[in-house]
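Student: Using our numbering, you'd call the opening residue of the sequence shown number 156 and step up by one each time.
Note that the Cβ used here is the ideal one computed from N, Cα and C, for glycine as well.
Pasting in a structure now, in structure tokens, and then I'll have a few things to ask.
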Amino acid sequence: MIRSNRTLLVVLATLVALLGPSRRGMSAVPTIVPLSVSVHFSREEADHPWSQYVMTPAGKPVYILSLRPDYAVGHRLTAVSLVLHHVGDQRDDRNLLSPPGNWHGIQPYVFSAFDLRNGVDRTVFGPIRKIAIAELSLTVIIELKRAKVSTEVRKPPEAVPPFLESYPWDKDPEVDDLWLDIKVQPAHS
């Protein structure tokens, strides 16, 4: 028989410590080593884009951070997206930088040629973008340093579907180069 509230609390704390956090809702978020990198993305090297592991203090990779090219009709590089995934979970294709819910449209981790064509200071989200990921206790800070965008006149690609024949191909910019600094750190930093 438990004689006091204090004894009950000690027993409960011991049980929690022995059983550990449950796999549902209370699973521990891994601690990471803060990451700070300077990255250059080039259209010429878009087939092999940059990627980097985010590691635990024990040296175990826990997330993969990468740049992913986004192409439009005619293999035009119209945007580059920063993507964060769990390591080893091939079933989860969701970008962990995406806000919860079903969001559409430009996001702070998407670097669109249309948005970059007037310079990084005039982009929708500005040159410094901060993304808090509450469920992972992470903060990602992206600083756009510079971007080069092609706006030259282009011919439409071969075999354009009828609904795209009137598309203004001559005004379709492409991302040529992108320079950015990326930091991934615990949310409490």
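1. With a CB to CB cut of under 7 Å and the five nearest residues on each side skipped, what residues in its chain are close to PRO328?
2. Confirm, please, whether the CB-CB distance from VAL238 to SER221 is below 8 Å.
3. Tell me which same chain residues have a C-beta within less than 6 Å of the C-beta of PHE196, skipping the five on either side of it?
4. Tell me the rounded alpha-carbon separation between LEU252 and LYS338.
5. Using the Cα positions of GLU298 and ALA287, report the straight-line distance between them to the nearest angstrom.
6. Tell me which residues share the same chain as ASP331 and place their Cβ nearer than 7 Å to its Cβ, disregarding the 5 neighbours each side in the sequence.
7. Anyone know if the C-beta pair for SER292 and ALA342 falls short of 8 Å?
8. By DSSP, does ASP248 sit in helix, in strand, or in coil?
9. Which residue marks the beginning of the alpha helix (DSSP H) containing LEU291, and which one marks its end?
Tutor: A quick look at the data gives this:
1. Counting from one through the sequence shown, the residue named residue 328 turns up at place 173. Cβ within range, chain order: ALA268, PHE269, ARG272, VAL304, SER305 and THR306.
2. Your numbering for residue 221 matches position 66 in the sequence shown. Your numbering for residue 238 matches position 83 in the sequence shown. Contact: yes.
3. Mapped onto the sequence shown, residue 196 falls at position 41. LEU222, VAL235 and LEU333, listed in sequence order.
4. Along the sequence shown, read from residue 1 onward, the residue named residue 252 stands at position 97. Along the sequence shown, read from residue 1 onward, the residue named residue 338 stands at position 183. Straight-line Cα distance between these residues: approximately 13 Å.
5. For this step, residue 298 is matched to residue 143 along the sequence shown. For this step, residue 287 is matched to residue 132 along the sequence shown. Approximately 15 Å, taken between the alpha carbons.
6. Locating residue 331 in the sequence shown gives position 176, counting from the first residue. Around ASP331: ARG198, LYS303, VAL304 and SER305.
7. Here residue 292 is taken as the residue at index 137 of the sequence shown, counted from 1. Here residue 342 is taken as the residue at index 187 of the sequence shown, counted from 1. In contact: SER292 and ALA342 (Cβ atoms closer than 8 Å).
8. Your numbering for residue 248 matches position 93 in the sequence shown. In this structure, ASP248 counts as coil in the three-state DSSP scheme.
9. In the sequence shown, the residue the question calls residue 291 occupies position 136. Note, LEU291: premise wrong, no alpha helix (DSSP H); not H, not E.
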